[in-house]
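To convert, note that position 28 of the sequence shown is 1015 in the numbering used here; the numbers rise steadily by one, no gaps.
Data block below; observations after.
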Amino acid sequence: MKFNPDGNTGKSSILLIYTGGTIGMKVDPAEQALKPFDFSQILEEVPELGKFAYRIDYCTLDSVIDSADIEPSTWQTLAGLIRDKYDRYDGFVILHGTDTMAYSASALSFMTEGLTKPVIFTGSQLPIGVARTDGKENLISSVEIAAAKDSDGHAIVPEVCICFGNSLMRGNRTSKVNSEDFRAFRSPNCPNLAEAGISIRYNTNIIIRPSDWDRRPAFHTSLDTRVSILKLHPGITPQVVRNILCGPETRAVIIETYGAGNAPSREWFLDLVKEGISMGKVILNVTQCLAGSVNMELYATGKRLKDAGVAGGYDITTEGALAKLFYLMGRTEDNAEVIRGLDENLRGEITK
């Protein structure tokens, strides 16, 4: 890992972590192709950062990664890096490709418990070297938010967040909803934590703060990734459902159901759900809808799932559900404990 500490002092210190993605690309003049630029030149590319008078250090992962290739091992690397550098910086900004940013932000939110400092994910739809890039505004806003402190000297937003398109969102509440617009992410079930306009307006009422500002966070890097996702659709076959729900290598399955948590009423479907649960699977019900919540008491089909032992996901995103299962299963082999954890609001990921 390339790490470049800056000797300058300032009112706040920020560590930029580049994992890969569009924001860190420039056109190579010789090959006329996009390539990662040297982050030692970050102030040349974004000179506005120098006006903050912050100390801004940077590091780049040993191998920059297209976000489509992100793996849980990358999350473990990021969590370990933040853990090791935590006492040295006031905030962290992670530059990341947009395709899997919501997965990574969700994962880091569960892997970091009791944060007292911001961890801000950002990126861009256009490379930072392009004239109309959104990368500069996203990066500048992320750095300013990561450095922001209240009158007591505490971080204003001590959470894992995504800053994109002038909005600051809780990381485990976001989904990428647009591949072309500069407002690529949305947090439909949780208000934005801040909006960046002429000034940055913080929604202080919903920002999560630690119970003890002096306690160092706990970092959880043990993950169990034996999770599959079953998206229901008309015409789905028993063979497909069986392969996912009853697969021998799967410990948990997320079922993306219709509406408020509804599923087919056919007996074969419920029988396969029961079979999966009898095999010791954790099955979690989340809605396919972008906004709204699972309520398995509302309709008969949902109630049958609940009676069979399916856990309800409330209004969690699929990205958040996956990360939460990875985290909970990494902490215990007891599925009953995992199910209890799914019902708890651990990092602001669900509304209860």
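Note that the Cβ used here is the ideal one computed from N, Cα and C, for glycine as well.
Fair warning: this is a prediction, and the values are worked out from it, not measured in the lab.
Per DSSP, the bridge partner or partners of residue i
i: S1162; result: R1173
i: C1148; result: I1107, R1157
i: L1113; result: Its beta-bridge partners do not exist; DSSP assigns none.
i: A1142; result: K1136
i: I1195; result: Its beta-bridge partners do not exist; DSSP assigns none.
i: T1274; result: T1244
i: N1249; result: Y1245
Distance CB(residue i)-CB(residue j) smaller than 8 Å
i: G1158; j: S1096; result: yes
i: A1298; j: D1330; result: yes
i: L1065; j: I1010; result: no
i: R1160; j: G1307; result: yes
i: A1239; j: L1312; result: yes
i: V1281; j: L1259; result: no
i: W1200; j: T1103; result: yes
i: A1134; j: F1206; result: no
i: V1147; j: V1080; result: no
i: T1212; j: A1247; result: no
For residue i, three-class secondary structure by DSSP
i: M1405; result: No information on residue 1405 is available, as it lies outside the stretch 988 to 1339 that the chain covers here.
i: E1243; result: strand
i: K1136; result: strand
i: V1228; result: helix
i: T1338; result: coil
i: I1052; result: coil
i: V1033; result: coil
i: T996; result: Residue confidence is low: T996 scores 46 on pLDDT, short of 50, so the model does not pin down where it sits. Its coordinate-derived value is still stated next. Coil, per DSSP.
i: V1269; result: strand
i: A1298; result: strand
i: A1205; result: strand
i: L1333; result: coil
i: P941; result: With the chain covering only 988 through 1339, there is no way to say anything about residue 941.
i: T1064; result: helix
i: E1167; result: coil
i: E1236; result: coil
i: W1255; result: helix
i: D1121; result: coil
Residue of the options minimising C-alpha distance to residue i
i: S1198; options: W1062, G1300, G1101; result: G1101
i: D1086; options: N1190, E1254, G1007, L1180; result: G1007
i: I1127; options: L1271, M1316, I1001; result: I1001
i: K1013; options: P1114, G1246, W1062; result: P1114
i: Q1270; options: I1231, G1335, S1091; result: First, the amino acid is wrong: residue 1270 is Ile here, not Gln. That would be I1231, whose Cα lies nearest to the Cα of I1270.
i: E1182; options: S1252, A1323, E1124; result: E1124
i: G1152; options: R1291, S1166, G1300, P1145; result: S1166
i: T1099; options: K1136, I1069, A1055; result: I1069
i: I1107; options: D1077, S1050, G1317, E1236; result: D1077
Continuous beta strand (DSSP E) stretch holding residue i: start and end
i: L1217; result: 1214-1218
i: T1078; result: The sequence as given places Gly at residue 1078; Thr does not occur at that position. From DSSP, the beta strand (DSSP E) with G1078 extends over 1078-1082.
i: A1183; result: 1181-1183
Continuous alpha helix (DSSP H) stretch holding residue i: start and end
i: Y1189; result: From DSSP, Y1189 is part of no alpha helix (DSSP H) but of the beta strand (DSSP E) over 1187-1189.
i: N1322; result: 1322-1329
i: G1307; result: 1305-1318
i: S1091; result: 1088-1098
The ligand NAD heavy atom lying under 7 Å from the CB of residue i
i: L1277; result: As presented, the structure is devoid of all ligands, the ligand NAD included, so that no description of it is given.
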